[in-house]
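What follows is one structure encoded as structure tokens, with my remarks underneath.
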Amino acid sequence: MSALSISLSGLQAAGQRFEASARRIVAAGAEAGNSLVAAASPGGDGASPESGQPTGSGRIGFAPDMAVAMVDMMQAETAFKANARVAGRISDMQKAYLDMLGSSEKR
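Start counting the sequence shown at 2; every next residue gets the next number (this note's numbering).
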């Protein structure tokens, strides 16, 4: 049972790591968007005086923080898959063991 609980803890940790990375990506994207709007605004408020729409034709860049967070997400995904595979194998082994016990008692 210990190996299964370790695997499940790994699943939980990988899920939390994935979520934290996703939050960092969203925050970096929002920050980049806010910077873009502020830089494109002639009056400082990011809106065209005539239309009230955001001005500027720049693009939101891919910040280094976003790249690091993406790598973390991919690593968390790999860790999650590995822990899920281990949990499945442990479950299969436990089932096989119980099947063996059941068949030996019938004899």
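Built from N, CA and C at the ideal position, the CB exists for glycine as well.
Computed from a prediction, not measured in an experiment: that's the story for all the values here.
Straight-line Cα distance separating residue j from residue i
i             : j          : result
alanine 68    : serine 8   : 28 Å
isoleucine 91 : glycine 34 : 46 Å
lysine 96     : serine 10  : 21 Å
serine 3      : glycine 16 : 20 Å
Reduced DSSP category for residue i - H, G, I as helix; E, B as strand; rest coil
i          : result
proline 65 : helix
serine 42  : coil
Beta carbon of residue i nearer than 8 Å to that of residue j
i             : j          : result
leucine 12    : alanine 85 : yes
methionine 74 : alanine 23 : yes
Nonlocal neighbours in the same chain, by C-beta distance under 7 Å from residue i, ignoring five residues either side
i            : result
aspartate 93 : none
Cutoff 6 Å; reference residue i; Cβ partners in own chain excluding five residues on either side
i             : result
isoleucine 26 : Met67 and Ala70
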